[in-house]
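S.K.: Got a structure for you, questions after.
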Amino acid sequence: DCAILIIASGTGEFEAGISKDGQTREHALLAFTLGVKQLIIAMNKMDTTAPPWSQARYEEIKKEASSFIKK
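In this text, residue positions in the sequence shown follow our numbering: the first is 49, and each later residue adds one.
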């Protein structure tokens with residue numbers, strides 16, 4: 049099975065989503081619990097980052113998301 053996890057990239061939104069009680073973290077855990085072996089991660093709202101479409105912000109989110117998904 050495969051699932052798609054969409055992460056909000058906006059300043060503050062991403063941090064709230066991956067916090068201990070965040071919805072993004074909860075959805076990733078739910079997918080794992082349901083036996084999903086493959087996960088596609090998409091980032092939206094990159095136009096609301098500071099500055100818009102920031103490569104640094106993309107890399108930061110990629111690193112953080114990879115870290116908590118692998119756990």
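C-beta atoms are modelled at their ideal positions from N, C-alpha and C, and glycine is treated no differently.
So G60 packs on R73, CB below 8 Å; how close in whole Å?
M.R.: Here residue 60 refers to the residue found at position 12 when the sequence shown is read from its first residue. Here residue 73 refers to the residue found at position 25 when the sequence shown is read from its first residue. No, G60 and R73 are not in contact; Cβ-Cβ is about 15 Å, not under 8 Å.
S.K.: Less than 8 Å between C-beta atoms, sequence neighbours within five positions excluded: which residues of the same chain meet that for C50?
M.R.: In the sequence shown, the residue the question calls residue 50 occupies position 2. Here the set comprises V84, K85, Q86, L87 and I88.
S.K.: Which stretch, first to last residue, makes up the alpha helix (DSSP H) that contains L87?
M.R.: As a working note, residue 87 is residue 39 in the sequence shown. Counting along the chain, L87 falls outside any alpha helix (DSSP H), though it belongs to the beta strand (DSSP E) covering Q86 to N92.
S.K.: Mind checking which residues open and close the alpha helix (DSSP H) that includes A113?
M.R.: The count along the sequence shown starts at 1 and reaches residue 113 at position 65. In the DSSP annotation of this structure, the continuous segment of the alpha helix (DSSP H) that includes A113 starts and ends at Q103 to K118.
S.K.: Just the Cα atoms here: how many angstroms apart are I117 and P100?
M.R.: In the sequence shown, the residue the question calls residue 117 occupies position 69. In the sequence shown, the residue the question calls residue 100 occupies position 52. Going from the Cα of I117 to the Cα of P100 covers about 25 Å.
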